[in-house]
Amino acid sequence: MKITGAQALIKALEMEQVETVFGLPGGCILPAYDPLLDSPIRHILVRHEQGAGHMAEGYAHVTGRPGVVLVTSGPAATNMVTPLMDAYMDSIPMVCITGQVSTSAIGTDAFQECDTVGITRSTTKHNELVMKAQDIPMAVRQAFHIATTGRPGPTLIDVPKDCLTNSMDWHWPTDQEVIDSLPGYRPNTKGHPRMIKEAAKLILASERPIIYAGGGILRARAAEALRELAELCDIHVVTTLMARGAFPDDHPLCLGMPGMHGNATAVTSMQKADLLITLGARFDDRITGKVSAFAPEAKVIHVDIDPAEQGKVRRPDVPIVGDAKYVIVEIIKAIKDLVQGGTVQADTGAWKSRISGWREQFPMSYEPSEPGDALKPQFCLESLRDSAPEGTILVSGVGQHQMWSSQYWKFNEPYTWVNSGGLGTMGFSVPAAIGAKVGCPDRTVWAIDGDGCFQMTAQELVTASVERIPVKVAILNNSYLGMVRQWQEMFYDERYSEVYLSPEVPNFVQWAEAMGCVGIRVDSPEEVQPAIDKANSIDDRPVVVDFRVDAREKVFPMVPAGYANDDLLLPDWQETNRSALR
Amino acid sequence: MTEPHQHHILSVLVQNRPGVLARVAGLFARRGFNIFSLAVAPAEDDGFSRITVVVDVEDTPLEQITKQLFKLIEVVKISELDPRHSVERELLLATVRATPEQRGQVIELVNIFEGKILAVGVEALTVSLDGHPDKLDDFEEMLAGYGIVELQRSGRVALPKLDREARLRAVNSNNKGKAG
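Just so you know, the protein sequences line up as chains A and C, in that order.
For the first sequence, my numbering gives the first residue as 20, with consecutive numbering after it.
For the second sequence, my numbering gives the first residue as 116, with consecutive numbering after it.
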């Protein structure tokens, strides 16, 4: 059957079961937008390509299916660099299709030409410049295969205009043809049986074990397996920023987030552990603090599907390359076998009582505002949390509001937390929330944003209004680039350099309403609950709540960059108890 | 040219596709490593090329670089060749200043090293030498005394030795299925 490359492209997306594409047309990709009219695929027309990228990420985060982006050449492709890198850092499956100038014009500095595959080479798991219409279906199959298997990540297909307009013979490659075409791509999903057994032995022998759960748990759909392992051996779990929700916060074994702004118990339990059962985590610098002083007494089991993560930062005692879910299930089996064979688990009683002691003495806390005082951002979050309908998805930008969100929300189920962890992309939350809402239309989606972040990508609320995607945005507005302000206050002698944003401009309520949203401003604690109730009751358009919060509020605890985790800074009222963190 | 104080030879089998060299080179740049020398040519199987990269690093980062290299979709296999158990060769071309009086000396030098005279000019000679990179280093040093006008070395290529001691240390062989 002869069809055009453009028809083949859209048909290939349908074959890959794509339901939604986020994009914006332009010259070179134009031919692909014509058959899209006749396709059941929903296209969300964004206002800026970066928005399309983050929407695709949000969609992928909550659905587990790859987010798909369709944009044109040149500036559209360069606008995609940030979301591609963001997805790469956080292992988010995403397929981006960019238009390119015709093959005969490549290299001539043609209008809207850029070296897309060159520019995105280090921001994608793989990318490909298609040179023939005939190659389009295979390129699409490879892109989806690579994006969704092994360690997930973004892929990009660059399609010249003439490849879209030329005709080709439709052929949908078989699985085997795809695999044969990629002889260098054989992700290992099954861990080494000997290493798995070794891990089981270490777990049973440990007196001070901690499960260090990372985003890989979510990518591998391994939350249930993780819970089974934790409960089987009664081991506490820390969930990294990327793994919030992978283990329920209301579970007695959940210690919450470790790291630079982790809670004191999570940080300290890793520091004092004799065994870190690392599952789909990568010893990021925001977790380890000063690496040489990180968890000095701990042996390390490291389960990761990416062999390059083994030993990259911390040399594991037991490296296991494989899919987290598969490996955890095998470890559980191995533990049960050992127990049946007479191995007795070491006594962890003393360890557990130390952990409970820390939890009692060092809860997450802030000083509530006195009547008449400025609103506390943590109070806004707690109120939002307590009023959130079941299954609410929380999406955050990057900065103080992100840390408070992770600290004060209760994530009791997986895939309810979306944020930009690795790249730390300000402006992530509004478009990512829109993508999440598209992926889970029946759930409430709250974006928690800062006033700095919001101003980077707010235009996508126009997309949300027009496309009828009723997300809710809570701006924790302190009129500052708050996290930078915090660092300048703490480490630069309160010399505030270029962090003050105007409290008057923009008028967020007017801006929201101009974009077709409902805008609400909140200045005092009494206004918080009514505003949240109103926002939660609106389901036919986006809502923006501008919470005017105390600019002096800082995120604690904190491990300053380059410091050892033992030296974490506690809020003033907990500092006096510091000696209890032993 | 000085010998790297700790050189490692990586023999990288890749799918012969556009951009693959840029991917490999880009990865080295991105992770902050220097490529000491590089040679690329089609391998024994159609559709594949072999890249011989000499890198000058300590063991630990080398492990990381090979693992990162292996993540490139088009990289099929990586072998680290131990210099003690491999055959290494390189080609050197040089144009050397040689006045008619010096010409005889240069020719004698080339003969000692078993090189070749490729072209003779009034004031210069173009010579070639292939052999072990160490030998090329020595040759280059001797030529330098006469004045090297232009020099091009091919970068080393290497294969494991065939003798009993041969060790082809496949990097990551556990982590990926049989190379195609």
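Don't be surprised by glycine CBs; every beta carbon is placed ideally from N, CA and C.
Here the structure is a predicted model, which is why all the values come from computation and not from measurement.
Proximity winner among the options, relative to residue i (alpha-carbon distances)
i: A:S415; options: A:F447, A:G46 and A:W428; result: A:F447
i: C:S243; options: C:L196, C:L206, C:V127 and C:P215; result: C:L206
i: A:M422; options: A:P522, A:C47 and A:M502; result: A:M502
i: A:T82; options: A:G454, A:F41, A:L480 and A:R378; result: A:G454
i: A:S225; options: A:R504, A:A158 and A:T367; result: A:T367
i: A:T435; options: A:Y78, A:R246 and A:T476; result: A:Y78
i: A:C459; options: A:R571, A:M276, A:Q529 and A:H80; result: A:H80
i: A:A583; options: A:M289, A:G72 and A:G234; result: A:M289
i: A:C250; options: A:E594, A:G235 and A:I222; result: According to the sequence provided, residue 250 of chain A is Glu. The question's Cys does not apply to it. Among A:E594, A:G235 and A:I222, the Cα nearest to that of A:E250 is on A:I222.
i: C:E223; options: C:L128, C:F254, C:V139 and C:L142; result: C:F254
i: A:E328; options: A:K318, A:F398, A:T97 and A:G341; result: A:G341
i: A:F54; options: A:L64, A:R84, A:T23 and A:E594; result: Just to set this straight, residue 54 of chain A is Pro in the shown sequence, not Phe. Of the candidates A:L64, A:R84, A:T23 and A:E594, the one whose C-alpha sits nearest the C-alpha of A:P54 is A:T23.
Neighbouring residues, chain C, relative to residue i (Cβ below 8 Å)
i: A:I165; result: I188
i: A:V136; result: G134
i: A:A327; result: Q179, K182, Q183, F185 and K186
Contacts of residue i in chain A (Cβ-Cβ under 7 Å)
i: C:V191; result: P202 and G203
i: C:E178; result: G330
i: C:G219; result: Ordered by position in chain A, no residue passes the 7 Å Cβ test against C:G219, which lies about 50 Å from the chain.
Segment limits, beta strand (DSSP E) that includes residue i
i: C:L206; result: S201 to R212
i: C:E195; result: V190 to L196
i: A:Q119; result: M113 to Q119
i: A:N146; result: H145 to L148
i: A:A191; result: The sequence shown places Trp at residue 191 of chain A, rather than the Ala named in the question. It is not in any beta strand (DSSP E) - A:W191 carries neither H nor E in the DSSP assignment.
i: A:H270; result: Neither: A:H270 is in no beta strand (DSSP E) and is coded neither H nor E.
i: A:N496; result: K491 to N496
i: A:Y434; result: Per DSSP, A:Y434 belongs to no beta strand (DSSP E) and is neither H nor E.
Through-space distance from residue j to residue i, alpha-carbon basis
i: A:K151; j: A:C182; result: 5 Å
i: A:M34; j: A:V87; result: 13 Å
i: A:A314; j: A:P549; result: 45 Å
i: C:E265; j: C:P157; result: 27 Å
i: A:A31; j: A:M108; result: 27 Å
i: A:L520; j: A:M20; result: 59 Å
i: C:L274; j: C:H247; result: 12 Å
i: A:C273; j: A:I350; result: 20 Å
i: A:K395; j: C:G147; result: 44 Å
i: A:I138; j: A:G443; result: 20 Å
i: A:V149; j: A:S121; result: 11 Å
i: C:L277; j: C:H200; result: 9 Å
i: A:A242; j: C:D249; result: 56 Å
i: A:V524; j: A:H321; result: 49 Å
i: A:T284; j: A:T208; result: 33 Å
i: A:N98; j: A:L43; result: 11 Å
i: A:T135; j: A:T143; result: 11 Å
i: C:A294; j: C:G270; result: Residue confidence for C:A294 is low, a pLDDT of 34 falling below 50, so the modelled location carries little weight and cannot support an answer.
i: A:I116; j: C:R138; result: 20 Å
Under the three-state DSSP convention, the category residue i falls into
i: A:Y52; result: helix
i: A:R597; result: helix
i: C:T181; result: helix
i: A:K318; result: strand
i: A:K21; result: strand
i: A:T139; result: coil
i: A:A531; result: helix
i: A:I453; result: helix
i: A:L357; result: helix
i: A:I254; result: coil
i: A:Y427; result: helix
i: C:G219; result: helix
i: A:H280; result: coil
i: A:L520; result: coil
i: A:Y345; result: helix
i: A:F510; result: helix
i: A:G383; result: Rather than Gly, the amino acid found at residue 383 of chain A in this sequence is Met. DSSP places A:M383 in coil when its eight states are reduced to three.
i: A:A129; result: coil
i: A:H62; result: strand
Extent of the continuous alpha helix (DSSP H) run through residue i
i: A:E76; result: E68 to T82
i: A:L223; result: P212 to A224
i: A:K371; result: G368 to Q380
i: A:R567; result: Here A:R567 belongs to no alpha helix (DSSP H); instead the beta strand (DSSP E) covers V562 to R567.
i: C:K231; result: It is not in any alpha helix (DSSP H) - C:K231 instead sits in the beta strand (DSSP E) that spans K231 to V235.
Distance cut-off 7 Å: residue i Cβ against heavy atoms of the ligand FMN
i: A:L55; result: As far as ligands go, the structure on display features none, and thus does not contain the ligand FMN.
Chain-ordered neighbours of residue i on chain C, where CB pairs are closer than 7 Å
i: A:H145; result: I188
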